[in-house]
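Number of protein chains: 2
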Amino acid sequence: MSITVNYNNMMQYALGERGISDAELKQQEILAQSAHFQVEAGRGRDMQGWMDLPYEQGEIVKTIKSAASRIRKSCEAFVVLGIGGSALGPQAVFTALKHYYYNELPKKLRKGPRFYVCDNVDPERMNALLDVINVEKTVFCVITKSGATSETMSQFLIVYDLLKSALGDKAHEHIVAVTSEDKGNLIKLARKEGFETFFIPASVGGRFSELSPVGLLPAAVVGIDISKLLKGARDMDRKCRSKYISKNPALALAVLQYISVKQGKNINVMMPYSDSLRYISDWYNQLWAESLGKEKDKLGKTVNCGQTPVKAVGVTDQHSQVQLYNEGPYDKVITFLEVRDFRSDVTIAAGCEDFPDVNFLCGHSLGELMSKELYATRYALTQRGRANCTITLDAVDAYHIGALLYLFQMQTAYEGAMLNINAYDQPGVEGGKNATYALFGRKGYEAKAEEIRSSQPDADKYIIK
Amino acid sequence: MSITVNYNNMMQYALGERGISDAELKQQEILAQSAHFQVEAGRGRDMQGWMDLPYEQGEIVKTIKSAASRIRKSCEAFVVLGIGGSALGPQAVFTALKHYYYNELPKKLRKGPRFYVCDNVDPERMNALLDVINVEKTVFCVITKSGATSETMSQFLIVYDLLKSALGDKAHEHIVAVTSEDKGNLIKLARKEGFETFFIPASVGGRFSELSPVGLLPAAVVGIDISKLLKGARDMDRKCRSKYISKNPALALAVLQYISVKQGKNINVMMPYSDSLRYISDWYNQLWAESLGKEKDKLGKTVNCGQTPVKAVGVTDQHSQVQLYNEGPYDKVITFLEVRDFRSDVTIAAGCEDFPDVNFLCGHSLGELMSKELYATRYALTQRGRANCTITLDAVDAYHIGALLYLFQMQTAYEGAMLNINAYDQPGVEGGKNATYALFGRKGYEAKAEEIRSSQPDADKYIIK
Numbered sequence: 117m118s119i120t121v122n123y124n125n126m127m128q129y130a131l132g133e134r135g136i137s138d139a140e141l142k143q144q145e146i147l148a149q150s151a152h153f154q155v156e157a158g159r160g161r162d163m164q165g166w167m168d169l170p171y172e173q174g175e176i177v178k179t180i181k182s183a184a185s186r187i188r189k190s191c192e193a194f195v196v197l198g199i200g201g202s203a204l205g206p207q208a209v210f211t212a213l214k215h216y217y218y219n220e221l222p223k224k225l226r227k228g229p230r231f232y233v234c235d236n237v238d239p240e241r242m243n244a245l246l247d248v249i250n251v252e253k254t255v256f257c258v259i260t261k262s263g264a265t266s267e268t269m270s271q272f273l274i275v276y277d278l279l280k281s282a283l284g285d286k287a288h289e290h291i292v293a294v295t296s297e298d299k300g301n302l303i304k305l306a307r308k309e310g311f312e313t314f315f316i317p318a319s320v321g322g323r324f325s326e327l328s329p330v331g332l333l334p335a336a337v338v339g340i341d342i343s344k345l346l347k348g349a350r351d352m353d354r355k356c357r358s359k360y361i362s363k364n365p366a367l368a369l370a371v372l373q374y375i376s377v378k379q380g381k382n383i384n385v386m387m388p389y390s391d392s393l394r395y396i397s398d399w400y401n402q403l404w405a406e407s408l409g410k411e412k413d414k415l416g417k418t419v420n421c422g423q424t425p426v427k428a429v430g431v432t433d434q435h436s437q438v439q440l441y442n443e444g445p446y447d448k449v450i451t452f453l454e455v456r457d458f459r460s461d462v463t464i465a466a467g468c469e470d471f472p473d474v475n476f477l478c479g480h481s482l483g484e485l486m487s488k489e490l491y492a493t494r495y496a497l498t499q500r501g502r503a504n505c506t507i508t509l510d511a512v513d514a515y516h517i518g519a520l521l522y523l524f525q526m527q528t529a530y531e532g533a534m535l536n537i538n539a540y541d542q543p544g545v546e547g548g549k550n551a552t553y554a555l556f557g558r559k560g561y562e563a564k565a566e567e568i569r570s571s572q573p574d575a576d577k578y579i580i581k
Numbered sequence: 117m118s119i120t121v122n123y124n125n126m127m128q129y130a131l132g133e134r135g136i137s138d139a140e141l142k143q144q145e146i147l148a149q150s151a152h153f154q155v156e157a158g159r160g161r162d163m164q165g166w167m168d169l170p171y172e173q174g175e176i177v178k179t180i181k182s183a184a185s186r187i188r189k190s191c192e193a194f195v196v197l198g199i200g201g202s203a204l205g206p207q208a209v210f211t212a213l214k215h216y217y218y219n220e221l222p223k224k225l226r227k228g229p230r231f232y233v234c235d236n237v238d239p240e241r242m243n244a245l246l247d248v249i250n251v252e253k254t255v256f257c258v259i260t261k262s263g264a265t266s267e268t269m270s271q272f273l274i275v276y277d278l279l280k281s282a283l284g285d286k287a288h289e290h291i292v293a294v295t296s297e298d299k300g301n302l303i304k305l306a307r308k309e310g311f312e313t314f315f316i317p318a319s320v321g322g323r324f325s326e327l328s329p330v331g332l333l334p335a336a337v338v339g340i341d342i343s344k345l346l347k348g349a350r351d352m353d354r355k356c357r358s359k360y361i362s363k364n365p366a367l368a369l370a371v372l373q374y375i376s377v378k379q380g381k382n383i384n385v386m387m388p389y390s391d392s393l394r395y396i397s398d399w400y401n402q403l404w405a406e407s408l409g410k411e412k413d414k415l416g417k418t419v420n421c422g423q424t425p426v427k428a429v430g431v432t433d434q435h436s437q438v439q440l441y442n443e444g445p446y447d448k449v450i451t452f453l454e455v456r457d458f459r460s461d462v463t464i465a466a467g468c469e470d471f472p473d474v475n476f477l478c479g480h481s482l483g484e485l486m487s488k489e490l491y492a493t494r495y496a497l498t499q500r501g502r503a504n505c506t507i508t509l510d511a512v513d514a515y516h517i518g519a520l521l522y523l524f525q526m527q528t529a530y531e532g533a534m535l536n537i538n539a540y541d542q543p544g545v546e547g548g549k550n551a552t553y554a555l556f557g558r559k560g561y562e563a564k565a566e567e568i569r570s571s572q573p574d575a576d577k578y579i580i581k
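In order, the protein sequences belong to chains Z and U. Counting from 1 along the first sequence, just add 116 to a position and that's the residue number in this note's numbering. Counting from 1 along the second sequence, just add 116 to a position and that's the residue number in this note's numbering.
Structural data, given as structure tokens:
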């Protein structure tokens, strides 16, 4: 394993009095070990099926690889229709492991189909997608576990209608459904229409599903080695078998955030110094926010907990957010994602001999500039007592990405256990969903519709036109 | 003007005891009016040149339009080299007003060159860019006011070297420099090499520069009507001449955040319900974070102020962040950006007659789904006492985008005045810059280098391998 967690700059050792003391860390050890015990005890059960994914998918991986190989040859574009975990995971892995301008590469270099993730119902964006793909040469991968996600099913209905108009009874060959095996509309539709199907285990929730067919199929279609993704996750899982903070990187990361929240740090910034990892932050943001942002703990006590995750990208956001990080409130932890070896580099050419404030860069490489700026930013933050830690990946490849995703899933699970909350539900989104149903006049939501209708109207005095 | 600010859901009227009372709003009125007075008094002076941009650029606009028209015809790709405000503004306006998959459209539909903003020094990304452009058919727009920004100048040196190899003494025709008229390296280089130049006024800082040539030139090159951008800003500026919260939308937005911070809301979420506005949030994040994240106020008192801005996109992030927003701590204000009329729509086709939990959508449109989900999300948040307000744009067009950018610049200026801080400097980034110089062995930074060398090494016990 070559993922390293360095939390020197979270500790009093580096930060001074604003840091965490050894005693505080020691004090949380029992809670951490009990969280570890709880997570291990739940392995594979209830909603913890995601912990089995690195081990139990031999046959599924084979089927996915063969389907992917067929799809790669048969189509010009591959479109994921999904939202939340069904979109963020595929997007994050694709962006990490494929060319920055993949869709603009000529077919010869791309080798596989162009790749799109459609995770909104913005009509302008849907029309824009239809401008650049030919549905007759596109495979749509519809991902929804429940088969009832309004956004994804709306997208599906639109494209399936277009496919039927264009291709008649061949339309079904252009849809792959990734859904629950035994529940929901999509599986029923898939059976009726004859779509190819892959299944999301009942014990795997959306935001923990990237290593299930949700993520594996899209990754395989763009030519990513999904066996290596799973191997990375497996090796990370082995490291997480330890109950000791000093050995288990996910447990250490969980405890550090847990203590930081107690210090008033309600913001959790993830800042990769690599453009390829920028969507890993977005994926993590859902994982952390939706798992840990909870009103009640398991005892029913009102806790209203949850750090707000924030994405920043180095070095870019040094010119946007770092002023705030250095001088603003002491309300955040910054986690840097560092890459030891970039997959390519570029030398900064000469041409500024007369300008010492630029010339010092010449002859060095961009990779060196990235690394030195990360070092310098981290150094400056630490000098100012700003909590930060660094996760270093030896390389950005399928193995390390699999390991990284699994690391964060474990961190989130431990954090949920330490907070004594259910990290696997999302009761807080029901209110909005029900109100949407009511606004559409869906049967069964008449009372909600009446409640909305009779709610107090906006006061004009608080509106500026 | 057809931008409306609705802050009902910030007030006790809608939120109950967690809201702001009329008395609290009243109480801040004098401070708000004094902030308004201070901002007006500084109009056009010191670093407030941005307030003149909507009025005083008649000649510049003409020159930009004619340069842009030439560039549109002469090249296949147009690349902005810049970082921070030099990148976020051009990216935000481009994304708001052009096709979602602009670069993938055939030339015939695109009409102008492909468009890239290169705002990082990631070597993999730079190489990826060079894979998809032909430098001989590309114009590079180098944007840095100081002419000393390490990232931008590194990019410039790399591409200029490639241009010289490919084109010899024609290379200079492929560079446009947007920089200070009388200071820094880039203007000297530009004069020596013969680059076309546009100037950033001395009184306009990076994050307030989108309505200067920094933003206008790239916008014009992709065919955006920059006169309308400026007209929108002008009309918004007129609305902001009022010192009354009830009439001046920027002042109201500033006061509401000011009071919210006092209530402990250190997070400012901007959530557009339109994919086209997603980079407006990124642009705003820099504006808000870098302007207001300050250690000292103008009296030298340590204040460590600054909300952390967060980007979310509706409806997408309902499936990622809204669980946290509904159930987590009461530590945020959510500002929705609503679009009244989408530029196109799509009807959700039939095909789910057997499934009532999907069928209710059929026959409605995606635009309607977006709007109803926004209404429902806002309703659910308000029911739970979560502070939110809504900015509604009649349409996404150059006029409204100009107005919106200017609205946020005014809000930020007022907020800075209310906090009694300098909203136009960024002293907190110097530490990291100097450390970078030292790490590169730049002359004059020997003491810093020595300081870094002699700083305490990381302790192994806080590293997990």
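From the three backbone atoms N, C-alpha and C, an ideal C-beta is built for every residue, glycine too. As the structure is a prediction and not an experimental result, all values here were calculated from the model.
Around the C-beta of residue i, are 16 or more other C-beta atoms found within 10 angstroms, so that it is buried, or is it exposed?
{"i": "Asp138 of chain U", "result": "exposed"}
{"i": "Asp447 of chain Z", "result": "buried"}
{"i": "Leu225 of chain U", "result": "exposed"}
{"i": "Phe153 of chain U", "result": "exposed"}
{"i": "Gln572 of chain U", "result": "exposed"}
{"i": "Glu297 of chain Z", "result": "exposed"}
{"i": "Asn124 of chain Z", "result": "buried"}
{"i": "Leu415 of chain U", "result": "exposed"}
{"i": "Arg161 of chain Z", "result": "exposed"}
{"i": "Ile146 of chain Z", "result": "exposed"}
{"i": "Tyr171 of chain U", "result": "exposed"}
{"i": "Lys142 of chain Z", "result": "exposed"}
{"i": "Lys427 of chain U", "result": "buried"}
{"i": "Ala575 of chain U", "result": "exposed"}
In three-state DSSP terms, what is residue i?
{"i": "Leu332 of chain U", "result": "helix"}
{"i": "Arg230 of chain U", "result": "strand"}
{"i": "Asn442 of chain Z", "result": "helix"}
{"i": "Phe458 of chain Z", "result": "coil"}
{"i": "Met387 of chain Z", "result": "strand"}
Taking residue i as the query, report the chain U residues whose CB atoms sit under 8 Å from its CB, ordered along the chain.
{"i": "Met242 of chain Z", "result": "Val462 and Leu482"}
If residue i sits next to residue j, beta carbons under 8 Å apart, how far is it from one beta carbon to the other, in whole angstroms?
{"i": "Thr254 of chain U", "j": "Ala183 of chain U", "result": "The pair is not a contact, with the Cβ atoms about 16 Å apart (cut-off 8 Å)."}
{"i": "Met352 of chain Z", "j": "Tyr522 of chain Z", "result": "4 Å"}
{"i": "Leu58 of chain Z", "j": "Pro388 of chain Z", "result": "This structure cannot settle anything about residue 58 of chain Z, because the visible part of chain Z is limited to 117 through 581."}
{"i": "Leu213 of chain U", "j": "Phe256 of chain U", "result": "With 8 Å as the limit, Leu213 of chain U and Phe256 of chain U do not qualify as a contact, their Cβ atoms being about 22 Å apart."}
{"i": "Tyr360 of chain U", "j": "Gln144 of chain U", "result": "With 8 Å as the limit, Tyr360 of chain U and Gln144 of chain U do not qualify as a contact, their Cβ atoms being about 12 Å apart."}
{"i": "Ala282 of chain Z", "j": "Val251 of chain Z", "result": "6 Å"}
{"i": "Asn301 of chain U", "j": "Asp391 of chain Z", "result": "Not confirmed; about 26 Å, so no contact."}
{"i": "Glu220 of chain U", "j": "Val248 of chain Z", "result": "5 Å"}
So which residues on chain Z does residue i lean against when the C-beta distance must stay under 8 Å?
{"i": "Ser362 of chain U", "result": "Lys577 and Ile580"}
{"i": "Arg590 of chain U", "result": "Because residue 590 of chain U is not part of the residues shown, which for chain U are 117 to 581, the question remains open."}
Give me the chain Z residues within the contact set of residue i, using Cβ-Cβ distance strictly less than 7 Å, ordered along the chain.
{"i": "Pro213 of chain U", "result": "At residue 213 of chain U the sequence reads Leu, which differs from the Pro that was named. Under the 7 Å cutoff, chain Z gives no residues; its nearest Cβ is about 11 Å from Leu213 of chain U."}
{"i": "Glu267 of chain U", "result": "Val431"}
{"i": "Tyr530 of chain U", "result": "Near Tyr530 of chain U there are no residues of chain Z at all, since even the closest Cβ is about 14 Å away, more than 7 Å."}
Run through chain U and tell me which residues come within less than 9 Å of residue i, C-beta to C-beta.
{"i": "Phe556 of chain Z", "result": "Phe476, Leu477, His480, Glu484, Leu485 and Lys488"}
{"i": "Gln437 of chain Z", "result": "Asn401, Gln402, Ala405, Glu406, Gly409, Thr424 and Pro425"}
Identify the contact partners of residue i in chain Z, using a Cβ-Cβ distance below 9 Å as the criterion.
{"i": "Gly444 of chain U", "result": "Asn382, Ala405, Leu408, Gly409, Lys410, Glu411, Asn420, Cys421, Gly422, Gln423, Thr424 and Gly544"}
- Should the stretch 319-334 of chain U be called in touch with the stretch 162-170 of chain U, which here means at least 3 C-beta pairs below 8 Å? yes
- Task: Pair every Cβ in the stretch 447-465 of chain Z with every Cβ in the stretch 257-274 of chain U, then say whether three or more of these pairs are closer than 8 Å.
- Result: yes
- Task: Please confirm if the stretch 127-134 of chain Z is in contact with the stretch 532-550 of chain Z, defined as three or more CB-CB distances below 8 Å between the two stretches.
- Result: no
- Check whether the stretch 484-496 of chain U touches the stretch 542-557 of chain Z, counting contact only when three or more Cβ pairs, one atom from each stretch, lie closer than 8 Å. yes
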